[in-house]
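Engineer: At position 277 of the sequence shown the residue is numbered 277 (full-length UniProt numbering), and the sequence of numbers has no breaks. Below is the structure I would like to discuss, written out as structure tokens.
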Amino acid sequence: MYLEDLELKQFRNYTATKLKFSPQINILIGENAQGKTNLLEAIYVLATTRSHRTGNERELVKFKEDTAALRGTLVKQPGKIHLELILSRKGKKAKLNFLEQAKLSQYIGQMNVILFAPEDLALVKGAPAVRRRFIDMEFGQIDARYLYNLTQYRTVLKQRNQYLKQLQLHQTKDLVLLGVFSDQLAAFGAEIIAKRITFLKELEKYAQQLQDQITQTKEQLRFEYETSVAQTTAKSVESLYTALKQLYENNREKEIMQGTTLYGPHRDDVRFLINQKNVHVYGSQGQQRTTALALKLAEIDLMKKETGEYPILLLDDVLSELDGKRQTHLLRTIQDRVQTFLTTPSISEITRKLIRDPKVFRIAQGE
Ligand code: ATP
Ligand code: MG
């Protein structure tokens, strides 16, 4: 798939801009603070309805304005789709082919994007929340059911936590309602964990191939899902559900005492291993970077497999963070297959040689 054009209105530092893109490589060049990342963010938001760098969507609307609008034409099988997203104080409105969607989940997933920024190089050694967010954003785009379960899970989790607080403060003694919340949470949680395990296995397979190509060694790369749910060998939704319910039951007093839910996918993590050793702990800087790069590029393959289309790749300032070998590898992987937007303060010799016919956009002060 590729984004044919994009219109931005009152988005970040853009007033009104219309752009036509190349289906292959688009380079956004500009000095600092001119709007390069803002443009990538606009594409990311158009696809996912969320920003990759802020949870506060007010920030996306231009200073002193009320409403921002993004519109774009996406080309994919079987035909073009017109996407529109309006962001205002009242919330978000999403339209597909000019029809407003009652639920954002009906909108998300039409356009698939993968964003790679320097922070992602820290994916391996960052906090667990970073990895969970990464997983949820990527898997949510390719699996509507995953996204649904995630949304439901978050809602029930909030209710359950509020209820645990009430129990903690002795505002209620009713354990029946807690049981109802636990049951719902276990049901959605089990589906989420099962999907994460399945997708991670797939990602691991693709990442291993990429790792082999990048490093030209035979290091074994493993992604392990770490969950508080008892390590049952059978990872069926059913067994996960039973195990989660058991956890809630066994730890009721502890959860009430702390006034919060201590078990479930919102507390899980992913571990990266090279030759059985935790990359986070033992990996060199270079190994951590290569693992992060392999993971990101593996997503391209996973999305292709799950949706039948290559996603759109957004690279924010990452080329300069990678050495020559990794740059070459990255560019070879995407060339002729994946529509790519990359930002850079200037084009280096190496990228000039490696990228064929890019479309170049010069960005200054939101123009
Ligand atoms: P760098 O090379 O440093 O990463 P960049 O070109 O990627 O720079 P952006 O992050 O895209 O820079 O743009 C930053 C600019 O956008 C800043 O000048 C900031 O003040 C401005 N900006 C951010 N949010 C808004 C907003 N809501 N309204 C207007 N301007 C904004
Ligand atoms: Mg930037």
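Glycine included, every Cβ here is placed at the ideal spot set by N, Cα and C.
1. What's the C-alpha gap between I312 and V338?
2. Can you determine whether any heavy atom of the ligand FMN sits closer than 7 Å to the C-beta of P118, and answer yes or no?
3. Tell me where the alpha helix (DSSP H) around residue 428 begins and ends.
4. Can you list every residue whose CB sits closer than 7 Å to some heavy atom of the ligand MG, going in chain order?
5. Can R154 be considered in contact with the ligand ATP, in the sense that its beta carbon sits closer than 7 Å to one or more heavy atoms?
6. Beta-carbon separation of E306 and D268 under 8 Å?
7. Can you give me the C-alpha to C-alpha distance between R222 and E204, rounded to a whole angstrom?
8. Relative to the C-alpha of K92, which residue among P118, T67 and N112 is closest?
9. From the DSSP secondary-structure annotation, give me the bridge partner or partners of H82.
10. Just list the beta strand (DSSP E) runs in the stretch 169–254, keeping only unbroken ones of 3 residues or longer that don't cross its boundaries, in chain order.
11. Return the residue from the list Q220, L19 and D317 that minimises the CA-CA distance to I43.
12. CB of G30 to nearest heavy atom of the ligand ATP: below 7 Å?
13. Note down, in chain order, each residue of its chain lying with its Cβ closer than 7 Å to the Cβ of T172, except the 5 sequence neighbours on either side.
14. Quick one: grab the DSSP three-state call for R356.
15. Compute the Euclidean distance between the alpha carbons of I334 and Q162, then round it to the nearest angstrom.
16. At a threshold of 7 Å, does E321 count as lining the ligand ATP (C-beta to nearest heavy atom)?
17. Is Q106 near the ligand ATP - that is, is its Cβ less than 7 Å away from at least one heavy atom of it?
18. Any chance the CB of Q209 is under 7 Å from a heavy atom of the ligand ATP?
19. Using only the alpha-carbon positions, how far apart do N341 and Y248 sit?
20. Mind checking who S88 pairs with in its DSSP beta bridge?
21. Using only the alpha-carbon positions, how far apart do H266 and V229 sit?
22. Please confirm whether L8 and Y14 have their CB atoms less than 8 Å apart.
23. Three or more C-beta pairs under 8 Å: does that hold for the stretch 244–263 against the stretch 103–111?
24. Leaving out the 5 sequence neighbours to the left and right, which residues in its chain are closer than 8 Å to N149 when beta-carbon positions are compared?
25. Comparing the CB of R12 with every heavy atom of the ligand ATP, is any distance shorter than 7 Å?
Structural biologist: This is what the structure gives:
1. Counted from its first residue, the sequence shown places residue 312 at position 312. Counted from its first residue, the sequence shown places residue 338 at position 338. Near 6 Å, if we compare the C-alpha coordinates of V338 and I312.
2. The ligand FMN is not part of the structure shown, which contains the ligand ATP and the ligand MG as its ligands.
3. Outside the shown range of the chain, which is 1 to 367, sits residue 428, and nothing can be said about it.
4. K36, T37, D316, D317 and T343
5. Taking the sequence shown and counting its residues from 1, one reaches residue 154 at position 154. No, Cβ of R154 sits at least 7 Å from all heavy atoms of the ligand ATP.
6. In the sequence shown, the residue the question calls residue 306 occupies position 306. In the sequence shown, the residue the question calls residue 268 occupies position 268. No; because the gap between Cβ atoms is not below 8 Å, this pair is not in contact.
7. As a position in the sequence shown, residue 222 is number 222, starting the count at 1. As a position in the sequence shown, residue 204 is number 204, starting the count at 1. Approximately 6 Å between the Cα atoms of the pair.
8. Residue numbering aside, residue 92 sits at position 92 when the sequence shown is read from its first letter. Comparing Cα-Cα distances from K92 to each of P118, T67 and N112, the minimum goes to T67.
9. Counting from one through the sequence shown, the residue named residue 82 turns up at place 82. BP columns for H82 point to T73.
10. 221–226
11. Indexing the sequence shown from 1 puts residue 43 at position 43. The candidate whose alpha carbon is nearest that of I43 is L19.
12. Taking the sequence shown and counting its residues from 1, the one referred to as residue 30 is at position 30. Yes; taking the cut-off as 7 Å, the Cβ of G30 has a heavy atom of the ligand ATP nearer than that.
13. Residue mapping note: residue 172 aligns to position 172 of the sequence shown, counting from 1. Counting only Cβ-Cβ distances below 7 Å, and skipping sequence neighbours, we find Q166.
14. Reading the sequence shown from its first residue, position 356 is the one you call residue 356. Reduced to three states, the DSSP call for R356 is coil.
15. Within the sequence shown, numbered from 1, the residue matching residue 334 stands at position 334. Within the sequence shown, numbered from 1, the residue matching residue 162 stands at position 162. Each residue's alpha carbon lies about 46 Å from the other.
16. To locate residue 321, count along the sequence shown from 1; it is residue 321. No, Cβ of E321 sits at least 7 Å from all heavy atoms of the ligand ATP.
17. Locating residue 106 in the sequence shown gives position 106, counting from the first residue. No, the ligand ATP has no heavy atom inside 7 Å of this Cβ.
18. Within the sequence shown, residue 209 is the residue found at index 209, counting from 1. No, since every heavy atom of the ligand ATP falls outside the 7 Å radius drawn around the Cβ of Q209.
19. Taking the sequence shown and counting its residues from 1, the one referred to as residue 341 is at position 341. Taking the sequence shown and counting its residues from 1, the one referred to as residue 248 is at position 248. The sequence shown places Phe at residue 341, rather than the Asn named in the question. Approximately 45 Å, taken between the alpha carbons.
20. Within the sequence shown, numbered from 1, the residue matching residue 88 stands at position 88. Beta-bridge pairing links S88 to T67 and G91.
21. As a working mapping, residue 266 is identified with position 266 in the sequence shown. As a working mapping, residue 229 is identified with position 229 in the sequence shown. Using only the alpha carbons, I get a separation of about 12 Å.
22. As a working mapping, residue 8 is identified with position 8 in the sequence shown. As a working mapping, residue 14 is identified with position 14 in the sequence shown. Cβ distance < 8 Å, so L8 and Y14 count as in contact.
23. no
24. Here the question's residue 149 lines up with position 149 in the sequence shown. Counting only Cβ-Cβ distances below 8 Å, and skipping sequence neighbours, we find F188, E191, I192 and K195.
25. The sequence position of residue 12 within the sequence shown is 12, counting from 1. Checking the Cβ of R12 against the ligand ATP gives yes.
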